[in-house]
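K.L.:
Sharing a structure, written as structure tokens. Questions coming.
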Amino acid sequence: MMSWLWIYITLMEWVGIVLVVKALGDEQYHIEPKKAGVYFLGNMLYYAAFMYFGLPQICSVIGYVLLYAYIYWCYHDGIVKTLAMCVMGLIILGVVELLLSQGVYYFVPLDLADGWLEAISSTLLVVVSALLSKLKIYRLMGLFERWDVSYFFVAFLSLMIFAPVVVLRAFKELVVAEYFYITVCILVMWFLISKIQKNKIENQLRKKYLESFTEIISQIRRRQHKVKNQFDTAFGMYRLYDNYDELVAKQKEFLGRIWDYELPTDAIVLEEPAVVALIYEKINEAIEEGIEVHTIFSCSMLHRGVSDVIWVQILGTLLDNAIEAEEEFVGQKKMWIEIQEQKGNTGKVSIYIANAYYKKSQDELEQLFEYGYSTKGEGRGIGLYDVKMLVHKNKGDLIVQNGQRDGFDCFELWIVI
Numbered sequence: 030m031m032s033w034l035w036i037y038i039t040l041m042e043w044v045g046i047v048l049v050v051k052a053l054g055d056e057q058y059h060i061e062p063k064k065a066g067v068y069f070l071g072n073m074l075y076y077a078a079f080m081y082f083g084l085p086q087i088c089s090v091i092g093y094v095l096l097y098a099y100i101y102w103c104y105h106d107g108i109v110k111t112l113a114m115c116v117m118g119l120i121i122l123g124v125v126e127l128l129l130s131q132g133v134y135y136f137v138p139l140d141l142a143d144g145w146l147e148a149i150s151s152t153l154l155v156v157v158s159a160l161l162s163k164l165k166i167y168r169l170m171g172l173f174e175r176w177d178v179s180y181f182f183v184a185f186l187s188l189m190i191f192a193p194v195v196v197l198r199a200f201k202e203l204v205v206a207e208y209f210y211i212t213v214c215i216l217v218m219w220f221l222i223s224k225i226q227k228n229k230i231e232n233q234l235r236k237k238y239l240e241s242f243t244e245i246i247s248q249i250r251r252r253q254h255k256v257k258n259q260f261d262t263a264f265g266m267y268r269l270y271d272n273y274d275e276l277v278a279k280q281k282e283f284l285g286r287i288w289d290y291e292l293p294t295d296a297i298v299l300e301e302p303a304v305v306a307l308i309y310e311k312i313n314e315a316i317e318e319g320i321e322v323h324t325i326f327s328c329s330m331l332h333r334g335v336s337d338v339i340w341v342q343i344l345g346t347l348l349d350n351a352i353e354a355e356e357e358f359v360g361q362k363k364m365w366i367e368i369q370e371q372k373g374n375t376g377k378v379s380i381y382i383a384n385a386y387y388k389k390s391q392d393e394l395e396q397l398f399e400y401g402y403s404t405k406g407e408g409r410g411i412g413l414y415d416v417k418m419l420v421h422k423n424k425g426d427l428i429v430q431n432g433q434r435d436g437f438d439c440f441e442l443w444i445v446i
């Protein structure tokens with residue numbers, strides 16, 4: 030193969046992997062010419078040494094090290110996530126390259142000079158990679174937002190299996206069925222570990238809120254016992270005071286402490302332990318921030334066709350945002366939380382959350398639920414967008430608008446699901 034054609038193929042493959050890596054990064058990631066250029070020069074030197082100086086096959090790992098170093102240099106996303114992005118990029122590029130190469134070998138005459146079929150394939154690879162960079166395939170990396178050591182081993186094992194196939198072009202020695210078998214095995218392995226990790230996280234969440242729910246029930250019982258003792262003590266005061274007015278004043282002062290034991294016990298009607306625990310946790314958090322909380326809970330959230338984990342994700346995000354908004358609000362801080370059965374639609378739950386706030390335009394309110402939008406700085410806009418996606422995924426409706434409660438301008442949000 031002529032050296033210039035080899036350089037062209039290497040350049041196209043380099044452009045392809047750079048574009049795929051960019052696609053796996055978030056929308057905020059951009060290709061930096063200086064860093065990409067350094068990576069290309071490193072690749073050229075590596076391939077030249079590998080092909081012209083007869084380096085042993087074990088040295089092929091240098092190509093992965095260069096790719097890993099480039100991704101880490103560009104994104105600084107941590108050791109494990111960088112490894113995951115490296116493996117995912119190689120798998121995507123390898124599958125695309127296989128499909129394109131098979132198509133080129135099938136449709137293009139095989140009597141072309143050596144290297145031209147590869148040149149055509151690598152050119153098409155860049156075109157497809159450019160299209161991929163416009164798609165939102167970076168969401169695949171969401172699997173690694175909550176990683177543990179199992180992800181590290183899966184990513185490393187995938188790399189060890191897939192490396193010879195991609196870098197050494199093993200597909201030329203394998204039939205298509207064998208190549209796809211390897212790819213499918215890796216994808217199934219990643220799918221299974223993602224499901225295991227998802228279940229693990231959900232079980233940890235359930236355990237956390239179940240423990241909180243148990244503690245809340247115990248706390249309610251303890252407070253009921255203390256209230257009973259308060260009343261017994263107040264009734265017994267008549268033996269200590271002969272003056273009626275003084276007795277009433279002391280009883281009033283003493284019984285005033287009962288409010289210290291008040292809890293919004295109506296949340297128990299929701300029945301879903303994780304949701305009840307979350308509601309109590311957020312109400313207490315709001316009260317500690319000086320927010321006046323008004324609640325109405327009148328229906329069970331069990332057997333609604335929605336996982337308790339989904340309820341917690343939706344309510345947790347919305348209540349966190351409402352509390353944060355009230356912390357910034359200059360004025361009387363108020364929140365309203367209502368969970369009731371949807372009128373005229375048995376089986377549907379209506380969730381209403383409002384907080385005193387400044388009026389905004391409807392466009393501004395709806396923009397809060399767009400991907401990546403945030404008034405709190407970079408990387409803070411994913412929560413409300415996820416809420417919208419979860420609601421729609423569970424065939425629910427979400428409405429947001431300005432409103433008034435008890436004479437206060439407020440931000441109102443309804444979810445029917």
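For the sequence shown, our numbering assigns the number 30 to the initial residue and increments by one for each residue that follows. For every residue, glycine included, the Cβ atom is placed at its ideal position computed from N, Cα and C.
1) What is the DSSP secondary structure of residue 378, reduced to helix, strand or coil?
2) Beta-carbon separation of residue 302 and residue 347 under 8 Å?
3) Would you mind listing the beta strand (DSSP E) stretches within the region 334-397 that are 3+ residues and don't spill past its ends, in chain order?
4) What does the alpha-carbon distance come out to for the pair residue 327 and residue 366?
5) In this structure, how does DSSP classify residue 137 when only helix, strand and coil are distinguished?
6) What first and last residue would you give for the alpha helix (DSSP H) that runs through residue 95?
7) Quick one: residues in its chain with C-beta nearer than 6 Å to the C-beta of residue 413, no 5 flanking neighbours on either side, listed in chain order?
8) Using a threshold of 8 Å, state whether the C-beta atoms of residue 104 and residue 54 are closer than that.
9) Could you give the first and the last residue of the continuous beta strand (DSSP E) run that contains residue 441?
10) Using 8 Å as the threshold, is the C-beta distance between residue 298 and residue 340 below it?
11) Quick one: Cα of residue 52 to Cα of residue 62, how far?
12) Since residue 146 is in the beta strand (DSSP E), which residue starts that stretch and which ends it?
13) Grouping DSSP H, G and I as helix and E and B as strand, with all else coil, what is residue 323?
14) Give me, in chain order, the residues of the same chain whose beta-carbon lies closer than 8 Å to that of residue 164; leave out the 5 immediate sequence neighbours on both sides.
15) Below 8 Å on the Cβ atoms is my contact criterion, and I expect residue 48 with residue 150 to pass it. Report the Cβ-Cβ distance as a whole number of Å.
16) Please state the DSSP three-state secondary structure of residue 164.
17) For residue 419, which of helix, strand or coil comes out of DSSP?
18) Which residues does DSSP pair with residue 124 in a beta bridge?
19) Going by DSSP, name the residue or residues bridged to residue 295.
20) Would you say residue 419 and residue 369 are within 8 Å of each other, going by their C-beta atoms?
21) Going by beta-carbon coordinates alone, are residue 440 and residue 386 separated by less than 8 Å?
22) I need the boundaries of the beta strand (DSSP E) containing residue 431, first residue and last residue.
23) Name the residue from 306, 392, 296 and 357 whose alpha carbon lies nearest to the alpha carbon of residue 320.
24) Work out the CA separation of residue 445 and residue 334 for me, nearest whole Å.
25) Identify whether residue 73 lies in helix, strand or coil by the three-state DSSP scheme.
P.N.:
In short, the structure shows the following:
1) Walking along the sequence shown from the start, residue 378 turns up at place 349. Reduced to three states, the DSSP call for residue 378 is strand.
2) Counted from its first residue, the sequence shown places residue 302 at position 273. Counted from its first residue, the sequence shown places residue 347 at position 318. With contacts defined by Cβ atoms closer than 8 Å, residue 302 and residue 347 do not form a contacting pair.
3) Runs found: 363-370 and 378-385.
4) If you number the sequence shown from 1, residue 327 lands on position 298. If you number the sequence shown from 1, residue 366 lands on position 337. In a straight line, the C-alpha of residue 327 is about 11 Å away from that of residue 366.
5) Translated into positions along the sequence shown, residue 137 becomes position 108. In this structure, DSSP gives residue 137 a state outside helix and strand, which the three-state scheme calls coil.
6) Position 66 of the sequence shown holds residue 95. In the DSSP assignment, residue 95 falls within the alpha helix (DSSP H) that extends over 90-104.
7) Along the sequence shown, read from residue 1 onward, the residue named residue 413 stands at position 384. Once the five neighbours on either side are set aside, the close Cβ partners of residue 413 are 397 and 398.
8) By 1-based counting over the sequence shown, the position of residue 104 is 75. By 1-based counting over the sequence shown, the position of residue 54 is 25. Between residue 104 and residue 54, the CB-CB gap stays under 8 Å.
9) Taking the first residue of the sequence shown as 1, we reach residue 441 at position 412. Where residue 441 is concerned, the enclosing beta strand (DSSP E) starts and stops at 437-445.
10) Position 269 of the sequence shown holds residue 298. Position 311 of the sequence shown holds residue 340. It is not a contact, given that the beta carbons lie outside the stated cut-off.
11) Taking the first residue of the sequence shown as 1, we reach residue 52 at position 23. Taking the first residue of the sequence shown as 1, we reach residue 62 at position 33. Distance between the alpha carbons of residue 52 and residue 62 is about 16 Å.
12) Position 117 of the sequence shown, counted from the first residue, corresponds to residue 146. Note, residue 146: premise wrong, no beta strand (DSSP E); alpha helix (DSSP H) at 145-161.
13) Looking up residue 323 in the sequence shown gives position 294. Strand.
14) Here the question's residue 164 lines up with position 135 in the sequence shown. Excluding residues up to 5 positions away in sequence, 52 lie with their Cβ nearer than 8 Å to the Cβ of residue 164 in the same chain.
15) Walking along the sequence shown from the start, residue 48 turns up at place 19. Walking along the sequence shown from the start, residue 150 turns up at place 121. For residue 48 against residue 150, the beta-carbon gap comes to about 16 Å, at or over 8 Å, which does not count as contact.
16) Counting from one through the sequence shown, the residue named residue 164 turns up at place 135. Under the three-state reduction of DSSP, residue 164 is assigned to coil, being neither helix nor strand.
17) Numbered from 1 along the sequence shown, position 390 holds the residue referred to as residue 419. Shown here, residue 419 sits in a helix according to DSSP, grouped into three states.
18) If you number the sequence shown from 1, residue 124 lands on position 95. Paired residues: none, contrary to the question.
19) Position 266 of the sequence shown, counting from 1, holds the residue named residue 295. None, per the DSSP bridge assignment.
20) Locating residue 419 in the sequence shown gives position 390, where the first residue counts as 1. Locating residue 369 in the sequence shown gives position 340, where the first residue counts as 1. Note that the C-beta distance between residue 419 and residue 369 is not below 8 Å.
21) Taking the sequence shown and counting its residues from 1, one reaches residue 440 at position 411. Taking the sequence shown and counting its residues from 1, one reaches residue 386 at position 357. Yes, they are a contact pair.
22) As a first step, residue 431 is located in the sequence shown; it is residue number 402 there, counting from the start. It spans 426-434 - the beta strand (DSSP E) in which residue 431 sits, taken as one unbroken run.
23) Along the sequence shown, one-based indexing puts residue 320 at 291. Closest in C-alpha terms to residue 320, from the list 306, 392, 296 and 357, comes 357.
24) For the purposes of this step, residue 334 is taken as the residue at position 305 of the sequence shown. For the purposes of this step, residue 445 is taken as the residue at position 416 of the sequence shown. A direct Cα-to-Cα measurement between residue 334 and residue 445 gives close to 13 Å.
25) One-based indexing of the sequence shown puts residue 73 at position 44. Three-state DSSP puts residue 73 in a helix.
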